Each structure stands twice: as structure tokens, then as C-alpha cells.
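The sequence shown begins at 4 in the numbering used here and counts up by one.
Using N, Cα and C, we set each Cβ at its ideal position, and we do this for glycine too.
All figures in this text were calculated on a predicted structure; none of them were measured in a lab.
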Amino acid sequence: MSEVRIYVDEEVHPIYEEMVSQAAKNAENKPFATMKDLFMVAACLGAKHNRYKPLNSRREIFRGTVFKEKTDVPILAALAYQQAQDIEVMSDAKKVVEIVQGWANGGIHLVRDELLYQPGGPLYNLVNMVLD
4 MSEVRIYVDE EVHPIYEEMV SQAAKNAENK PFATMKDLFM VAACLGAKHN
54 RYKPLNSRRE IFRGTVFKEK TDVPILAALA YQQAQDIEVM SDAKKVVEIV
104 QGWANGGIHL VRDELLYQPG GPLYNLVNMV LD
């Protein structure tokens with residue numbers, strides 16, 4: 004994944020900034036330490052709710068080198084397979100990332116709404132979302 008760059012839709016970039024900024028100082032209200040962490044949750048939630056939305060305009064948020072080979076990459080490959088239903092896609096890092104970006108783009112609003120617009124604090128809402 005080292006050669007790929009990860010993009011989000013320009014329109015949703017402020018959501019990523021809002022949900023990650025100052026996370027180290029306030030984990031209870033900003034439970035995502037990195038854009039990668041938020042991206043992974045958004046992609047998983049987008050796939051869970053079948054909310055695939057290709058990017059219209061894009062803005063780079065990080066490089067593929069931040070993905071952990073043993074934990075993140077298998078999840079990304081599974082998400083790509085879910086959309087493509089083609090096992091060959093799983094061996095093409097650029098295609099995997101392109102597909103997962105669509106899942107994340109479809110899921111980021113769900114993450115924001117669930118964490119920030121529901122009763123309770125964002126960290127507790129995240130825990131409840133994961134357990135549901």
C-alpha cells in the first residue's frame with residue numbers, strides 16, 4: 004500500500020478535520036486519534052449500511068504507508084471484495100483503495116451523525132455503535 008494515496012471527497016474533508024483535531028487532548032469528545040482511524044470506521048460503516056458513494060472531488064488525507072499490513076490491509080481487501088465481488092481486486096492496492104474510498108465517503112456522514120448528533124458523548128456513542 005506504500006505507493007497509494009488516500010483521498011476523501013473535498014466536501015467531507017471538514018468532517019474529518021472536525022472529528023480528529025485536538026483528539027490527543029480530548030479523547031472523550033474526539034475518539035479518533037488519526038484520519039486513518041476515522042477513515043477505517045467510515046469505510047466499515049459505509050459497507051455495513053451499503054452506502055457506497057464514489058468521490059466527486061478529492062483531497063488527500065494520508066498515504067497508504069499508514070495502513071498496518073496485518074490488521075488494516077485485510078479489512079480493506081474484504082471491503083473491496085464486498086463491492087466488486089471479484090477476488091482479483093483484492094490483489095490490486097490501487098483498486099482496493101479506490102473502492103474503500105467510496106465506502107468511506109458513504110459512511111462518514113453516518114459516523115458523524117451517530118457520534119456527534121446522538122445523546123451521550125462521542126466516545127460512548129462510538130462504543131455503542133461498535134457493539135450494535
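Reference D75, options L129, L113, I90 and V99, closest by Cα: The residue from L129, L113, I90 and V99 with its alpha-carbon nearest to that of D75 is V99.
Classification of Y120 by the beta-carbon crowding that lies within 10 angstroms, buried from 16 upward: Exposed: under 16 other Cβ atoms inside 10 Å.
One or two residues paired with I90 in a DSSP bridge: As DSSP reads the structure, I90 sits in no beta bridge.
For I102 and Y55, the rounded distance between their alpha carbons: Taking the straight line from one Cα to the other gives about 8 Å.
Segment contact flag, the stretch 109-127 with the stretch 46-55, C-beta cutoff 8 Å, min 3 pairs: Counting Cβ pairs under 8 Å, three or more are found: they touch.
Residue interval of the beta strand (DSSP E) (run including V11): Segment R8 to D12, the beta strand (DSSP E) holding V11.
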